Every structure is written in structure tokens, then in C-alpha cells.
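Colleague: This structure is in C-alpha cells; I'll ask about it shortly.
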Amino acid sequence: MLDSIAGLAGLFLAVSAQHVEDSHFATVDVPMGLFTFAALVLIAEDAAGRLRLNPWGLAAIAAFAVLNKIPAALLFVAYFAGAYFRDGWRGPRGVLRAETLGVPLLAAFFFALGNPGVWMQ
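To convert, note that position 87 of the sequence shown is 539 in my numbering; the numbers rise steadily by one, no gaps.
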């Protein structure tokens with residue numbers, strides 16, 4: 453079932469005029485969409501407790517999305533919601549998890565590192 457849905461989604465993407473035009477002119481919307489989707493999938497897995505990737509890798513992928521276009525920073529709203537629904541803001545022992553604030557801070561660091569025009573003005 454999922455293979456047919458994925459094939460149908462790929463077909464729709466391949467014939468989408470906006471996607472074809474953005475890919476042809478190499479705009480930043482296409483890679484932003486890729487990294488945003490990847491980060492959202494990882495955020496959903498993290499919220500469900502099935503994340504196989506290191507949470508700091510999630511920060512790097514989210515930073516790549518934000519480096520392409522700043523509105524992708526709304527990913528962190530989804531991240532904080534997922535962190536809250538996973539186990540509250542705190543881990544099993546009642547201690548604030550390092551990833552809850554560390555992932556967005558590391559993504560902000562990657563953003564500043566990859567976009568020096570933000571902090572060199």
C-alpha cells in the first residue's frame with residue numbers, strides 16, 4: 453500500500469509545474485523542501501520514541517533547512533510540540549533533557565556558521 457502511495461506522490465511531484473520550474477532555475481525552495489520534510493519525519497519519529505538517529509543529527513538537518521530559507525525555522529515549533537508530547541519537557545527522571553533545548557541551539561549555531569552575513573553586520 454505504501455509503495456503505491458509513494459509512487460503516486462512521486463508522479464505528482466514529477467509533473468508539478470512549480471517543482472519543475474524551481475528545479476530548472478535552481479531556487480532554494482527545492483532543497484529547503486527536502487530538508488524540511490526530512491526534519492519533520494525525524495521529529496515525528498523522535499516524538500514517538502523511535503528515533504534511530506542521534507538527536508544532534510536532527511539539529512544539523514533542521515539547520516540545513518533553515519540555511520536555505522529562514523521560514524523553515526518553524527520546524528522548531530513542531531520539535532518543541534513533539535518533545536512535549538514525548539515525555540513532557542523533562543525526561544524519565546524529572547530532569548530537563550539536554551536535547552530539548554540543545555537541538556534548537558545547535559541548529560542556531562549551524563545557521564550562524566553557515567550564514568555569516570547574519571552576525572557580521
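Every residue gets a Cβ at the ideal spot worked out from N, C-alpha and C, and that includes glycine.
Because the structure is a prediction, the values reported are computed rather than measured.
So, with DSSP's three-state summary, where would you put G462?
Modeller: Numbered from its first residue, the sequence shown carries residue 462 at position 10. G462 falls in the helix class under three-state DSSP.
Colleague: Counting C-beta neighbours from all protein chains within 10 Å, is the total for N520 16 or more, i.e. buried, or is it exposed?
Modeller: For the purposes of this step, residue 520 is taken as residue 68 along the sequence shown, with counting starting at 1. Per the 10 Å Cβ criterion, buried.
Colleague: Can you give me the C-alpha to C-alpha distance between V555 and V480, rounded to a whole angstrom?
Modeller: Translated into positions along the sequence shown, residue 555 becomes position 103. Translated into positions along the sequence shown, residue 480 becomes position 28. About 23 Å.
Colleague: Counting only the same chain and skipping the five closest in sequence on each side, list residues whose C-beta sits under 6 Å from that of Y531.
Modeller: Looking up residue 531 in the sequence shown gives position 79. Result list for Y531: I495, in chain order.
Colleague: Does the distance from the CB of W571 to the CB of A560 come in under 8 Å?
Modeller: As a first step, residue 571 is located in the sequence shown; it is residue number 119 there, counting from the start. As a first step, residue 560 is located in the sequence shown; it is residue number 108 there, counting from the start. No.
Colleague: Would you mind listing the alpha helix (DSSP H) stretches within the stretch 484–562 that are 4+ residues and don't spill past its ends, in chain order?
Modeller: Counting only runs of 4 or more, we get 507–520, 527–539.
Colleague: Restricting to Cα atoms, I'd like to know which of P523, F487, A500 is closest to A511.
Modeller: Translated into the one-based positions of the sequence shown, residue 511 becomes position 59. Selected option, being the one with the closest Cα: F487.
Colleague: Would A458 pass as a contact of A491 if the rule is Cβ separation under 8 Å?
Modeller: Taking the sequence shown and counting its residues from 1, one reaches residue 458 at position 6. Taking the sequence shown and counting its residues from 1, one reaches residue 491 at position 39. No, they are not a contact pair.
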